[in-house]
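Taking it in order: structure first as structure tokens, then the write-up.
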Amino acid sequence: MSSLPQIVVSQSDQTPKHPVSVFSRAGLKCLRDSLRMPVYLSSDNLASLNVKCSEIDVNGGTPKDEGLKVLKLKSLDEMNAIAEANKLINADAIGPFGDYSAGNWHSSYTVALFYRSLLDEHSEVSVNAPRLLGKSLPEYSPWELSEERTVEFVTPSAIHWRACLILHPRDKSKPDSMCFLTNEASLKDGEVLSSELWCIFRLGKRQLEKKEYRNHKIAPVTVVSGSGRDLRVVQGYVDGADHVILRMSRIINIDNENRQQNLEGLMIIGRWLFGDPV
Numbered sequence: 005m006s007s008l009p010q011i012v013v014s015q016s017d018q019t020p021k022h023p024v025s026v027f028s029r030a031g032l033k034c035l036r037d038s039l040r041m042p043v044y045l046s047s048d049n050l051a052s053l054n055v056k057c058s059e060i061d062v063n064g065g066t067p068k069d070e071g072l073k074v075l076k077l078k079s080l081d082e083m084n085a086i087a088e089a090n091k092l093i094n095a096d097a098i099g100p101f102g103d104y105s106a107g108n109w110h111s112s113y114t115v116a117l118f119y120r121s122l123l124d125e126h127s128e129v130s131v132n133a134p135r136l137l138g139k140s141l142p143e144y145s146p147w148e149l150s151e152e153r154t155v156e157f158v159t160p161s162a163i164h165w166r167a168c169l170i171l172h173p174r175d176k177s178k179p180d181s182m183c184f185l186t187n188e189a190s191l192k193d194g195e196v197l198s199s200e201l202w203c204i205f206r207l208g209k210r211q212l213e214k215k216e217y218r219n220h221k222i223a224p225v226t227v228v229s230g231s232g233r234d235l236r237v238v239q240g241y242v243d244g245a246d247h248v249i250l251r252m253s254r255i256i257n258i259d260n261e262n263r264q265q266n267l268e269g270l271m272i273i274g275r276w277l278f279g280d281p282v
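In this text, residue positions in the sequence shown follow this note's numbering: the first is 5, and each later residue adds one.
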């Protein structure tokens with residue numbers, strides 16, 4: 005029986021100075037070339053990539069492993085205040101899709117646009133939003149939209165996945181990243197999508213290759229992963245130069261007939277997008 009592909013750091017991979025960047029590059033190469041980008045990563049795949057998986061509480065942001073807590077979530081009261089002040093209950097993304105769907109990717113993209121409207125200072129929602137604690141709606145989040153090139157897997161026949169929103173801390177004090185990832189493949193409890201791990205490798209690597217962050221040891225990445233009307237949080241970082249810490253939350257479905265129930269699910273995820281890196 006052939007052995008599983010292992011991450012190998014070749015001599016040519018030694019050019020980047022940061023060890024996390026070296027490991028991440030090797031991990032991306034292994035995903036693309038050796039594993040041929042499977043949709044779901046098996047336990048053997050994860051072992052070959054040196055990924056250590058655990059759970060994370062979607063309501064509190066507390067990881068079940070012994071690693072670092074890298075995000076302090078915005079309180080639910082604050083998110084509900086945002087929802088009420090901006091009448092988000094009336095947003096198109098709140099309504100049920102029911103039997104109608106243009107596919108998982110397109111359905112999740114409508115949810116990505118909902119969150120973008122809250123974070124983009126030029127959106128109609130943000131421009132017309134009342135100020136909260138003296139701040140505009142986008143300023144109420146410590147994150148700002150990045151202009152960096154998106155991360156995606158697209159073929160002539162389909163958009164398989166795309167990081168539609170990429171966010172970095174507004175004050176640039178930390179190398180953390182966050183993204184909203186839209187997938188055509190369905191989310192499954194306990195199964196990691198290759199797109200989720202790819203974003204953790206790629207976005208963390210990008211940050212630690214920037215001059216201002218080269219002295220940081222890790223670059224945590226929080227992925228809000230969507231497929232259809234299902235959402236979850238996947239968070240991770242390369243720890244040292246030899247393994248990945250990865251956490252997954254439970255899946256939240258927002259395709260209910262009850263609009264308030266859908267809004268509550270969106271605000272639970274919104275706590276992450278408006279949370280503070282620590």
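Virtual Cβ for every residue (Gly too), placed ideally from N, Cα, C.
At a cut-off of 3 residues, the continuous stretches assigned as beta strand (DSSP E) that sit fully inside the stretch 182-262 are 225-231, 234-243, 247-252. Secondary structure note for residue 59: its beta strand (DSSP E) is the uninterrupted segment 55-59. Note that the stretch 59-77 does not touch the stretch 257-270; fewer than 3 beta-carbon pairs, one per stretch, sit closer than 8 Å. Considering only 203, 152, 235, 237, the residue with the shortest C-alpha distance to residue 223 is 203. Counting along the chain, no beta strand (DSSP E) covers residue 22, and no H or E run does either.
Residue 138 and residue 118 have their C-alpha atoms some 23 Å from each other. As the crow flies, the alpha-carbon of residue 111 is around 28 Å from that of residue 58.
DSSP places residue 72 outside both helix and strand once states are collapsed to three, so it counts as coil. Taken through DSSP and simplified to helix, strand or coil, residue 95 comes out as coil. Residue 221 places its beta carbon 7 Å or farther from that of residue 28. By the criterion of a C-beta distance shorter than 6 Å, residue 65 is surrounded in its chain by 75, 77, once the five residues flanking it on both sides are discounted.
Our two residues, residue 244 and residue 87, have alpha carbons roughly 40 Å apart in a direct line. For residue 42, the closest of 30, 201, 84, 185 by C-alpha to C-alpha distance is 201.
Residue range 162-173 is occupied by the beta strand (DSSP E) that includes residue 172.
Minimum Cα-Cα distance from residue 128 among the listed residues 250, 256, 90, 163 corresponds to 90.
Under DSSP, residue 67 shares a beta bridge with 60. Of the other Cβ atoms in all chains shown, 16 or more fall within 10 Å of the Cβ of residue 49; this residue is therefore buried. Taking 8 Å as the upper bound for CB-CB distance, residue 150 and residue 170 are in contact here, some 4 Å apart.
The three-state secondary structure of residue 268, taken from DSSP, is helix. Residue nearest to residue 256 within the set 276, 246, 215, 272 is 272 (criterion: CA-CA distance). Counting only the Cα atoms, residue 214 lies some 29 Å from residue 164. Residue 125 is not a Cβ neighbour of residue 100, given a cutoff of 7 Å.
The C-beta distance from residue 152 to residue 166 rounds to 14 Å, too long to fall under 8 Å, and the pair is not in contact. Around the C-beta of residue 160, fewer than 16 other C-beta atoms lie within 10 Å, and the residue is accordingly described as exposed. The DSSP-derived three-state label of residue 33 is helix. In terms of CA proximity to residue 179, 219 leads the group 154, 238, 219.
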